[in-house]
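This report refers to the structure that appears directly beneath it.
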Amino acid sequence: MTTTNPSSTVDLSTVDLTDLSYFDDGPPHELFARMRREASPHWNALTDSDEPGFWSFTKFADIQAISANPAVFSSARGGVFTTTRGAAPVEVLREVILGMDPPRHTQQRNIVQAVFTPRMIRQKQADIRATVNTLINEVIERGECDFVTDIAVELPLRVIADMLGVPREERGQLFEWTNRLSLAAATSDPDMGLGALMEIAGYLTELTAARKANPQDDLISRLVQAEVDGESLTEMEVTFFFGILMFAGNDTTRNTSSGAMRALIENPDQRKILVADTSLVGNAVEEFLRWVTPVQYFTRVAQEDTVVGGHAIAEGERVAMWYSAGSRDPEVIDDPETFDITRDKPPHQAFGGGGPHFCLGNQLARLQLRILFEELMRRMPDMEFAGPVTRLTSNFSNELTSMPVTFTPGAVESVEEA
11 MTTTNPSSTV
21 DLSTVDLTDL
31 SYFDDGPPHE
41 LFARMRREAS
51 PHWNALTDSD
61 EPGFWSFTKF
71 ADIQAISANP
81 AVFSSARGGV
91 FTTTRGAAPV
101 EVLREVILGM
111 DPPRHTQQRN
121 IVQAVFTPRM
131 IRQKQADIRA
141 TVNTLINEVI
151 ERGECDFVTD
161 IAVELPLRVI
171 ADMLGVPREE
181 RGQLFEWTNR
191 LSLAAATSDP
201 DMGLGALMEI
211 AGYLTELTAA
221 RKANPQDDLI
231 SRLVQAEVDG
241 ESLTEMEVTF
251 FFGILMFAGN
261 DTTRNTSSGA
271 MRALIENPDQ
281 RKILVADTSL
291 VGNAVEEFLR
301 WVTPVQYFTR
311 VAQEDTVVGG
321 HAIAEGERVA
331 MWYSAGSRDP
341 EVIDDPETFD
351 ITRDKPPHQA
361 FGGGGPHFCL
371 GNQLARLQLR
381 ILFEELMRRM
391 PDMEFAGPVT
401 RLTSNFSNEL
411 TSMPVTFTPG
421 AVESVEEA
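In terms of our numbering, the sequence shown opens at residue 11 and continues consecutively.
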């Protein structure tokens, strides 16, 4: 199937956002803008499935309302993707925190909540800065690199691997599993997702046994020691938890950092502001997140007849929350199609629409992005494209796969390991 009509003229009643050709060039922002104006919400019939369609919500306020009401809008009933297949079967997703409803979701989230508090994350600043400068050291003398694979991928991979307790020599396998989970979500391939999870389960058998015998200050130890209602997590629950922490811990930072660097190269006036004053990076990170919105959607299923934004939703109907559209809603942000790092705390839905499923690692992602761009603006301020930028064609992940760049070669700096 191909999409031949431009977004400005296509008949909205024919639009099926599971057709990935709409996403060839990234999120279809012009189409989302029309949907907000003319069809909010928009009924999306599925052209390649015998499953019912779904309602697409593209307004910031509607997405917030759905997210805040898990009693009515369930993650567990039908999964969180546009069909019940998605990246994994619904019965598997119900065992992952992403696909749980309260109170079980709350119990599971509480297991690792303490690790991701702002106070705990602030303690990782020195470690993250050392990791960032190590990555820059690895490429700076060459004067060229692939920003995605050499920097954007490596930073969150190394950070989350350390937090999980994965030995450094095994990070390559972690990256391979993360990519397969991301691709499974992008292509609605449950076999790929399950295959990766089964390999993770095999890998964790030895690692969890070691942590039970000799606990460390890492997330694996926390998982094997955790109890819910007096019961330890099963091996499969540990596997699913590990998988989602690994996936979520990588994708948000990887996608946002690569998309933000692309935007800075394409908007040199904005980059010039940051190079002149890196103290502005913390505020700029919020615009990076808004502009990229790394995860484009999740869905819920209505548990009862209800109303959102004045529109009736029937019990059993699926609703899709298009975060990439909500982050550019002109009702909450002026001139949303302009990349402007001087905005004061721009509202966005890069971490979801709030509620109990709001991204647990949002503070960690923000810290990594702030430190990364502080150091990039200091050490590699003149980065330019050196080849075509490529992306994953996906309605789920706003993900670049390659971005060759050049920059003035610089000196390796000493890095003090924290």
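The C-beta atom is built at its ideal place from N, Cα and C for all residues, glycine as well. All values derive from a computational prediction rather than experimental measurement.
- Please report how far the alpha carbon of residue 142 lies from the alpha carbon of residue 321, in whole angstroms. 47 Å
- Span of the beta strand (DSSP E) around residue 331: 328 to 332
- Item | Reduced DSSP secondary structure (H/G/I, E/B, other) of residue 343 | Coil at residue 343, not helix or strand.
- Anticipated Cβ contact below 8 Å, residue 426 with residue 140, distance rounded: Confirmed, Cβ separation roughly 7 Å.
- Message: Whole angstroms are fine: how far does the CA of residue 243 sit from the CA of residue 215?
- Response: A straight-line Cα-Cα distance of about 13 Å links residue 215 and residue 243.
- Hey, how far is the Cα of residue 22 from the Cα of residue 391? 43 Å
- Item | Segments assigned beta strand (DSSP E), at least 3 residues, entirely inside the segment 222 to 247 | none
- Item | Inter-residue spacing [alpha-carbon to alpha-carbon] between residue 110 and residue 175 | Going from the Cα of residue 110 to the Cα of residue 175 covers about 25 Å.
- Which residue from 90, 148, 247 puts its Cα closest to that of residue 421? 148
- Taking the alpha-carbon positions, what's the residue 211 to residue 405 distance? 28 Å
- Query: Any chance the segment 99 to 116 sits against the segment 329 to 340, with 3 or more Cβ pairs inside 8 Å?
  - Reply: no
- Can you name, in chain order, every residue of its own chain whose Cβ lies under 8 Å from the Cβ of residue 410, other than the five neighbours on each side? A distance below 8 Å between beta-carbons, with the five flanking residues on each side excluded, links residue 410 to the following residues of its chain, in chain order: 158, 162, 265, 268, 269, 272, 399, 400, 401, 402.
- Message: Spatial neighbours of residue 355 within its chain, please: C-beta separation below 8 Å, excluding the five flanking residues on both sides.
- Response: 293, 296
- Task: With residue 179 as the anchor, note down where its beta strand (DSSP E) starts and where it stops.
- Result: No beta strand (DSSP E) holds residue 179; DSSP gives it neither H nor E.
- Task: Note down the Cα distance separating residue 52 from residue 45, rounded to an integer number of angstroms.
- Result: Distance from the CA atom of residue 52 to the CA atom of residue 45, rounded to whole angstroms, is 7 Å.
- Member of 35, 42, 32 whose CA lies at the smallest distance from the CA of residue 346: 42
- So, using beta-carbon positions, are residue 434 and residue 255 closer together than 8 Å? Only positions 11 to 428 of the chain appear in the structure, and residue 434 is not among them; the question remains open.
- Query: Could you give the uninterrupted runs of the beta strand (DSSP E) lying entirely in the segment 49 to 113, keeping only those of 3 residues or more?
  - Reply: 52 to 54, 64 to 67
- Is residue 283 helix, strand or coil when you go by DSSP? helix
- Assess, as a yes-or-no matter, whether the segment 358 to 377 is touched by the segment 65 to 77 under the definition of 3 or more beta carbon pairs within less than 8 Å. With the cut-off at 8 Å, the segment 65 to 77 and the segment 358 to 377 touch.
- C-beta atoms of residue 419 and residue 397 nearer than 8 Å: no
- Task: For the beta strand (DSSP E) containing residue 314, list its first residue and its last residue.
- Result: Residue 314 -> no beta strand (DSSP E), and no H or E assigned at all.
- Do residue 311 and residue 88 have their C-beta atoms within less than 8 Å of each other? yes
- Item | Whether residue 238 touches residue 67 by CB criterion (8 Å) | A distance of 8 Å or more separates the beta carbons of residue 238 and residue 67.
- Going by the beta-carbon positions, is the gap between residue 383 and residue 284 smaller than 8 Å? With contacts defined by Cβ atoms closer than 8 Å, residue 383 and residue 284 form a contacting pair.
- Message: By the DSSP assignment, the alpha helix (DSSP H) with residue 166 in it spans what residues?
- Response: 164 to 174
- Message: For residue 164 and residue 261, what's the separation of their Cα atoms in angstroms?
- Response: 11 Å
- Can you name, in chain order, every residue of its own chain whose Cβ lies under 7 Å from the Cβ of residue 82, other than the five neighbours on each side? Leaving aside the five residues that flank residue 82 on each side, the residues in its chain whose CB is nearer than 7 Å to its CB run, in chain order, 312, 313, 314, 316.
- Item | Cα-Cα separation, residue 59 to residue 308 | Looking at the two C-alpha atoms, the distance is approximately 18 Å.
- Three-state secondary structure (DSSP) at residue 29? coil
- Message: Can you look up residue 400 in the DSSP assignment and give me helix, strand or coil?
- Response: strand
- Message: Give me, in chain order, the residues of the same chain whose beta-carbon lies closer than 8 Å to that of residue 290; leave out the 5 immediate sequence neighbours on both sides.
- Response: Here residue 290 has 283, 284, 351, 352 as same chain residues with Cβ atoms under 8 Å from its own Cβ, once five neighbours each way along the sequence are excluded.
- Item | Test item: CB-CB of residue 374 and residue 146 under 8 Å | no
- For the beta strand (DSSP E) that contains residue 415, what are its first and last residues? 414 to 416
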